[in-house]
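Going down the list, the protein sequences come from chains P and F.
Mapped onto the working numbering, the consecutive letters of the first sequence carry residue numbers 249 to 577.
Mapped onto the working numbering, the consecutive letters of the second sequence carry residue numbers 11 to 291.
Every residue gets a Cβ at the ideal spot worked out from N, C-alpha and C, and that includes glycine.
All of these numbers come straight from a predicted model, not from anything done at the bench.
This report refers to the structure that appears directly beneath it.
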Amino acid sequence: MSQDNVLLKVESLKKYFQISTSFFSDKKLILHAVDDVSFEMKDGEILGIVGESGCGKSTLARVILALYPPTSGKVFFNGINIFELPNKRLREIRRQMQVIFQDPYASLNPRMSVENIVGEPLIIHGLAKGKKKKEKVAEILEKVGLSADVMPRYPHEFSGGQRQRIGIARAIIINPKLIIADEPVSALDVSIQAQVINLLINLKKEMGLSYIIISHDLAVIEHLCNRIIVMYLGKIVEIASDETLYSSPYHPYTKALLSSIPVPDPDYRPHKISLHGEIPSPVNPPKGCRFHTRCPYKFDLCEKVEPKLIEKEKDHWVSCHLDSLPASK
Amino acid sequence: MNARVKDFWRYFKRRKLAIIGLVLVILFFFIAIIAPKIAPYDPGQINVEEKLIAPCSRHLLGTDNLGRDLFSRMLYGSRISLSVGFIAVGISIIIGILVGSISGYFGGWIDIILMRFVDIMMCFPSFFLVLTVIALLGPNIVNVMIVIGVTSWMGTARFVRAEFLSLKERDFLYAARAMGASDTRIIFRHLLPNAMAPVLVTATLGVATAILTEAGLSFLGIGVQPPTPSWGNILTEGRIYIFDAWWLTLFPGFAILITVLAFNLLGEGLRDALDPRLRGR
Chain P
249 MSQDNVLLKV ESLKKYFQIS TSFFSDKKLI LHAVDDVSFE MKDGEILGIV
299 GESGCGKSTL ARVILALYPP TSGKVFFNGI NIFELPNKRL REIRRQMQVI
349 FQDPYASLNP RMSVENIVGE PLIIHGLAKG KKKKEKVAEI LEKVGLSADV
399 MPRYPHEFSG GQRQRIGIAR AIIINPKLII ADEPVSALDV SIQAQVINLL
449 INLKKEMGLS YIIISHDLAV IEHLCNRIIV MYLGKIVEIA SDETLYSSPY
499 HPYTKALLSS IPVPDPDYRP HKISLHGEIP SPVNPPKGCR FHTRCPYKFD
549 LCEKVEPKLI EKEKDHWVSC HLDSLPASK
Chain F
11 MNARVKDFWR YFKRRKLAII GLVLVILFFF IAIIAPKIAP YDPGQINVEE
61 KLIAPCSRHL LGTDNLGRDL FSRMLYGSRI SLSVGFIAVG ISIIIGILVG
111 SISGYFGGWI DIILMRFVDI MMCFPSFFLV LTVIALLGPN IVNVMIVIGV
161 TSWMGTARFV RAEFLSLKER DFLYAARAMG ASDTRIIFRH LLPNAMAPVL
211 VTATLGVATA ILTEAGLSFL GIGVQPPTPS WGNILTEGRI YIFDAWWLTL
261 FPGFAILITV LAFNLLGEGL RDALDPRLRG R
């Protein structure tokens with residue numbers, strides 16, 4: 249990956265949560281939500297992060313946004329490590345990084361009018377007030393496909409899709425560079441999903457945004473993203489451009505995920521790679537390769553040594569031992 | 011906010027008892043405000059010739075041992091009772107919100123220290139705590155308000171803290187943080203407005219308790235001091251004549267009962283109407 253115009257760089261980021269079992273016991277359990285994750289993202293890119301629920305993708309998003317303090321690691325935004333910034337500088341950085349949440353019912357303050365919700369970033373960063381704020385809010389609302397008359401109304405008066413649009417309006421009103429969308433469409437009806445996805449694509453073209461899209465829905469990711477990160481149990485297993493990933497996935501987990509995408513053809517008999525067992529607990533992740541408990545191709549090395557993320561081909565990074573198997577199939 | 015208010019009102023008006031409470035509370039307010047206009051006599055006017063007259067047309071509720079008109083004294087007493095109730099609750103709500111917000115928002119050891127302090131405060135039977143402090147500070151109406159206020163904020167603090175803890179994990183709070191909102195902004199714009207419903211309910215119920223506490227203190231002679239009339243001290247003065255002049259104890263007692271009942275009914279109605287989980291019943 250080239251060094252020029254790197255927007256976001258994540259360096260061996262870790263986020264562990266401590267869960268105490270009971271008040272009286274000293275035993276402390278550590279949940280490895282994000283474990284040693286590194287990647288880079290270029291300006292203007294749409295990066296997808298996929299994985300099963302519980303694989304740490306939402307936590308990763310929140311750590312990058314500095315909503316959770318990291319256990320260790322660094323996140324560089326435009327070359328600046330955001331975890332080393334004093335609060336005041338961090339707020340300036342926040343102006344360029346915004347977030348869209350999964351649940352449009354929980355992400356809008358029920359006691360604030362649409363005007364105040366969407367206009368709040370302007371107030372916080374001292375960009376506009378009063379009439380100017382109102383004009384700007386009206387402009388942005390039209391941009392996301394709502395009319396300016398909705399301004400005095402409250403979130404509970406809207407449908408899920410409309411609320412998600414309000415959430416998007418709030419995220420883009422201060423012209424951010426990067427938007428992290430945590431499952432932006434998975435709470436919506438399928439028909440509305442497409443509308444919101446198209447809105448995101450149009451906004452990117454219009455405003456020169458970069459996105460990190462987090463989803464468990466591979467179809468959504470395929471439609472939106474240029475490059476995809478596949479996560480399993482807090483670790484990255486594969487990074488590739490969307491064409492490479494969908495045409496020639498390497499990691500067995502990625503293959504399994506891809507084969508699980510439903511195909512709208514009743515006669516299609518897929519060769520499904522079904523995974524057995526449950527995703528192991530992130531409190532006690534398996535030794536060696538984290539996927540070995542469910543991997544159909546595992547061999548003895550997988551149980552002992554943790555595979556490193558290696559660039560197999562140009563811009564195609566994989567973390568798997570299969571390659572080093574002497575009699576590789 | 012309009013639709014919310016409408017929604018709330020739709021549930022609230024179904025509760026007959028709560029409506030009765032609301033009407034009574036408004037009525038008492040009204041009476042307290044216009045007391046000087048409708049009182050037939052000066053409440054302090056002593057007229058020994060007319061002492062202990064039973065209720066009649068000239069003295070609607072009779073007179074006391076000094077010949078003062080009980081009806082006028084009761085009207086003025088309502089001002090004392092209501093203002094003690096409201097100011098005391100005002101003080102307790104402010105302290106409660108402050109402690110609860112700090113505790114719930116910042117968490118960690120601040121939370122532990124504040125909540126243990128709340129536990130300690132709750133260990134004391136509050137009436138005896140009030141008695142002790144009044145005995146130290148001296149009995150007068152301002153002290154009564156302050157003391158009732160500073161001994162009754164713990165419930166509010168716990169409610170606010172609990173609301174904050176659950177609101178803190180909601181996405182709109184993360185959104186506000188991601189926007190770069192300051193702590194004060196998050197507390198005052200995002201958390202408090204969403205945590206006010208239980209506070210309103212405790213406040214309403216708190217007014218009833220405060221009125222009762224004031225009456226109790228005045229009855230024991232360490233609340234509002236005569237000659238200022240309050241329902242509690244009218245009751246005390248009438249106690250001596252309970253067999254000769256029943257009206258001196260019955261009417262103030264009844265007034266206290268009705269007011270406290272009204273606030274309790276209103277408070278419970280508010281709680282049921284504000285809590286969506288209780289709406290169906």
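Legend entry - Entirely enclosed alpha helix (DSSP H) segments - the stretch 389 to 450 of chain P, minimum 4 residues: 408 to 420
Legend entry - Partner residues on chain F for H373/P, Cβ-Cβ distance less than 7 Å: G190
Legend entry - CB contact check: R629/P to chain F, cutoff 9 Å: For chain P, the structure presents residues 249 to 577; residue 629/P sits outside this window and is missing.
Legend entry - R171/F at chain P interface by Cβ criterion, 9 Å: no
Inset, instruction - Just mark Q412/P as buried or exposed, buried being the case when its beta carbon has 16 or more other beta carbons within 10 Å. - result: Buried, by the Cβ-count rule.
Legend entry - Ranges of the beta strand (DSSP E) found wholly within the stretch 314 to 343 of chain P, counting only runs of at least 3: 320 to 325
Legend entry - Cross-chain neighbours of P203/F in chain P, by beta carbon under 7 Å: Ordered by position in chain P, the residues that pass the 7 Å Cβ test against P203/F are R359.
Legend entry - H471/P: first and last residue of the uninterrupted alpha helix (DSSP H) it sits in: 466 to 472
Inset, instruction - Decide yes or no for the touch test of the stretch 223 to 232 of chain F against the stretch 144 to 156 of chain F: beta carbon pairs closer than 8 Å, at least 3 of them. - result: yes
Inset, instruction - Kindly indicate if chain F contains any beta-carbon less than 9 Å away from that of F265/P. - result: Not one beta carbon of chain F lies nearer than 9 Å to the beta carbon of F265/P.
Legend entry - 9 Å Cβ cutoff, F182/F in contact with chain P: yes
Inset, instruction - With DSSP as the reference, please indicate the residues paired to T219/F in a beta bridge. - result: For T219/F, which the question treats as bridged, DSSP gives no partner whatsoever.
Inset, instruction - Compare the C-beta of M249/P against all C-beta atoms of chain F and say whether one is closer than 9 Å. - result: For M249/P, the predicted structure reports a pLDDT of 43, less than 50, and the residue's modelled location is therefore unreliable. A value from the coordinates is still provided. It does not; no Cβ of chain F falls within 9 Å.
Legend entry - N- and C-terminal bounds of the alpha helix (DSSP H) containing K275/P: Looking at the DSSP string, K275/P is not in any alpha helix (DSSP H), and its letter there is neither H nor E.
Inset, instruction - Spell out a yes or no on whether the stretch 187 to 195 of chain F and the stretch 341 to 358 of chain P are touching, meaning 3 or more CB-CB pairs, one atom from each, closer than 8 Å. - result: yes
Inset, instruction - Give a yes or no on whether 9 Å exceeds the smallest Cβ distance from A354/P to chain F. - result: yes
Legend entry - Residues bridged to W565/P [DSSP beta-bridge criterion]: I487/P, E559/P
Inset, instruction - Report yes or no: is there a C-beta of chain P within less than 9 Å of the C-beta of R195/F? - result: Closer than 9 Å: yes.
Inset, instruction - Decide if Q441/P is buried, meaning its Cβ has at least 16 other Cβ atoms within 10 Å, or exposed. - result: buried
Legend entry - Per-residue contacts from H200/F into chain P (C-beta, under 9 Å): Neighbours of H200/F on chain P, chain order: N357, R359, M360.
Inset, instruction - Would you please verify whether the beta carbon of R187/F is less than 9 Å from any beta carbon of chain P? - result: Chain P, which has a Cβ nearer than 9 Å to the Cβ of R187/F, makes this yes.
Inset, instruction - Enumerate in chain order the residues of its own chain whose CB-to-CB distance from L32/F is below 6 Å, with the five nearest sequence positions on each side excluded. - result: L276
Inset, instruction - For the alpha helix (DSSP H) containing V553/P, list its first residue and its last residue. - result: Taken as a continuous stretch (DSSP letters only), V553/P belongs to no alpha helix (DSSP H), as it is neither H nor E.
Inset, instruction - Please confirm if D351/P has its CB atom under 9 Å from at least one CB of chain F. - result: yes
Inset, instruction - Determine, using beta carbons only, whether P533/P comes closer than 9 Å to chain F. - result: Using beta-carbon distances, P533/P does not count as an interface residue toward chain F, since no partner is under 9 Å.
Inset, instruction - Step through the CB atoms of chain F and report whether any lies within less than 9 Å of the CB of G415/P. - result: Interface residue, yes.
Inset, instruction - If I'm right that L230/F touches D74/F with Cβ under 8 Å, what's the distance once you round it to whole angstroms? - result: The Cβ separation is near 19 Å, so there is no contact.
Legend entry - Close Cβ partners of H524/P (< 7 Å) along its chain, the five nearest in sequence each way excluded: R542
Inset, instruction - Give the DSSP-derived three-state secondary structure of R24/F in the structure shown. - result: coil
Legend entry - Below-9 Å beta-carbon distance, P514/P vs any chain F residue: P514/P does not count as touching chain F.
Inset, instruction - Taking only beta-carbon positions, decide if L256/P is within less than 9 Å of chain F. - result: Not flagged as an interface residue toward chain F: L256/P, since no C-beta distance is shorter than 9 Å.
Inset, instruction - Would you mind listing the beta strand (DSSP E) stretches within the stretch 46 to 97 of chain F that are 3+ residues and don't spill past its ends, in chain order? - result: none
Legend entry - Inter-residue Cα distance where the pair is R291/F and L27/F: Only weak support exists for where R291/F lies, its pLDDT of 48 falling under 50; the value from the coordinates is given anyway. Taking the straight line from one Cα to the other gives about 14 Å.
Legend entry - Beta-carbon gap between L284/F and L215/F smaller than 9 Å: no
Inset, instruction - Report the residue from V35/F, P135/F, F18/F, G233/F whose alpha carbon sits nearest the alpha carbon of L147/F. - result: G233/F
Inset, instruction - Helix, strand or coil for A191/F, going by three-state DSSP, please let me know. - result: coil
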